[in-house]
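What the sequence shown shows, in this note's numbering, is residues 1065 to 1462, in sequence order. Here a beta-carbon is modelled for each residue, glycine too, at the ideal position from N, C-alpha and C. Below is one structure, written out as structure tokens; comments come after it.
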Amino acid sequence: MNFRHTIVAAVVLVALGAWVFFFERGKAPEEGSAGTLASVLGLRKDDVWKVQIDRPEDPLWLVRQKDGRGELWKLEKPLSAVADAEEARRIVGDVADATVDRMLREDVKDLKPFGLDKPAWELTLATDDGTTRTLLVGGKDPGGSNLYLKRKDRPEVLVVSSYAIDGLQSKQADELRDKTVIAFDKERVQSFELTSGGKTIRVERAGTDQWRITQPVKAKARTEKVNSILMSFQSLKGSKIIEDAPKDLKQYGLQPAEAKVAVWVRGEKEPRVGLLGKKDSSGDVYAKAEQNPAVVTVYSYVLSDAQSKLEDIREPEPVKEEKKPENAPANSPAANAPAKLPTAGAPPSSSQPAAEEPGPTLRIDKPIPAKKPADKKPAAKKPAAKEPAAKKPAGKKP
């Protein structure tokens, strides 16, 4: 008997699926029915500021806010926390760009074959102009590649690609938590500051891929070092959240911070600021975004970049050769002049050490007389006249 009931149920299920399949496929898509979900719903993707995923006992709400730093996405349910803006925008984009394969425009009285009599969950999109669209999410088509959706206020059933919508049913809040410490487009950076140990180094853009240090000195910056620093921080995200909103940041070395990175981006008045603290037991570094109370951990190498020294960033100045006067001789006489010798018999000066033996060779600056021709004999010198011998005084005779 049970076997017979199973056969009957299987036949009914197959027939029901076949009816839905041929009912859909038999309808030619009407003009304007195909397109993106946003166009069918009459929404603009860039205007969506709220996404509500209403699941039984597990809601997930995302809202967008705007401030001086640009867009800021937050979680409203199941908890209040800063959301990952990149992930939030990806969800909005995937939903808005989902392909609508067709619309079943008949007044479908029986929604059970589409799984819409008891929807699994609801998806709501709200835009800046006050428009709100709520979709009931049903089952999949016989091929398994599409989902049945229905506007809560309209009778049409939409057959939509399941790729973008299906994943939202299992999306968890922790996946959307923002772990970003600092992020920016490197090409839009106008200036940045690195602060550590009570000292601040400020670097400003001086042209395309050219930078100058303006604090604490004015000097040319090494382009390759600046690019390395910016690449380390342009998309810095933590690996895990340590604490949501700690009251005491000193335990993490974040008040005051071990290092602070502030980046000014073109078109924004306020800087984007990331704080780095001390290392944990594994060697990772505690960090947080200035506007996000959550503390995360990042790899330790970023702390080294944030604590870069002035000499690491400063472009070494080329060694200048001493220029000689244009009219100066190649060898200056002063350079060839012998050292002044102390006067003979004078005691050695205390400032001048005594000369070591053997003494320096004296240089005679007087010209050497020219040699006389060899064939001429020098004139014979006359012998010197001999002085007469002194006469003895004549002795007196006795």
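Asked	Found
Exposure label - P1219; buried when at least 16 CB within 10 Å	exposed
Given D1110 as reference, the closest of D1171, A1190, L1124, P1177 once Cα atoms are compared	A1190
Close-in-space but distant-in-sequence residues of the same chain around Y1316 (CB under 6 Å, 5 per side omitted)	G1341, Y1350, V1359
Extent of the continuous alpha helix (DSSP H) to which R1153 belongs	1149-1160
Backbone CA spacing between D1118 and A1102 [nearest angstrom]	19 Å
Among P1320, T1259, D1369, T1287, nearest to F1489 - alpha-carbon criterion	In this structure the chain extends from 1065 to 1462, so residue 1489 is not present and cannot be described.
Closest by C-alpha distance to L1222, when choosing among P1120, A1323, L1180	L1180
For F1297, the three-state DSSP class (helix, strand or coil)	helix
Residue nearest to L1300 in terms of C-alpha spacing, selected from K1282, T1264, V1337	V1337
Whether A1149 touches E1135 by CB criterion (8 Å)	yes
Proximity to I1305 [Cα-Cα], best of D1205, V1146, R1166, V1201	V1146
C-beta contact flag for V1290 and I1377 at 8 Å	yes
Top-ranked residue by Cα proximity to L1313, from S1292, A1283, A1353, A1326	A1353
Check whether V1164 and G1099 have beta carbons under 8 Å apart	yes
Segments assigned alpha helix (DSSP H), at least 4 residues, entirely inside the segment 1094-1124	1101-1105
I1277 versus L1318 - alpha carbon distance	26 Å
DSSP three-state assignment for L1232, whether helix, strand or coil	helix
T1191 - partner residues in DSSP beta bridges	V1112
Separation of T1259 from R1241, as counted between CA atoms	28 Å
Counterpart residues of E1186 in DSSP-defined beta bridges	D1118, L1200
Option nearest W1495 by Cα separation, candidates S1209, V1325, G1231, L1143	With the chain running from 1065 to 1462 in the structure shown, residue 1495 is simply not present.
Every unbroken alpha helix (DSSP H) within the segment 1272-1335, with a cutoff of 4 residues, ordered by chain	1287-1297
Y1365, enclosing alpha helix (DSSP H) - first and last residue	1365-1370
Anticipated Cβ contact below 8 Å, W1275 with R1269, distance rounded	6 Å
heavy atom of the ligand NAD below 7 Å from P1357 C-beta	With respect to small molecules bound, the structure shown includes none, and the ligand NAD cannot be examined in it.
Residue burial classification, G1167 (beta-carbon count within 10 angstroms, cutoff 16)	The residue asked about is misnamed: residue 1167 is Met in this sequence, not Gly. M1167 comes out buried.
Rounded C-alpha distance that separates A1160 from K1333	31 Å
Three-state secondary structure assigned by DSSP to L1175	coil
Distance between V1115 and L1105 (C-alpha atoms, nearest Å)	14 Å
First and last residue of the uninterrupted beta strand (DSSP E) at D1238	Run containing D1238: none in the beta strand (DSSP E); it sits in the alpha helix (DSSP H), 1237-1240.
Spatial distance of K1182 from E1151 (CA atoms)	29 Å
Start-to-end residues for the beta strand (DSSP E) that takes in L1211	1210-1215
Burial state of G1302, where buried means 16 or more other Cβ atoms lie within 10 Å	buried
Endpoints, the beta strand (DSSP E) within which E1257 is located	1253-1260
Delimiting residues of the alpha helix (DSSP H) encompassing D1348	Neither: D1348 is in no alpha helix (DSSP H) and is coded neither H nor E.
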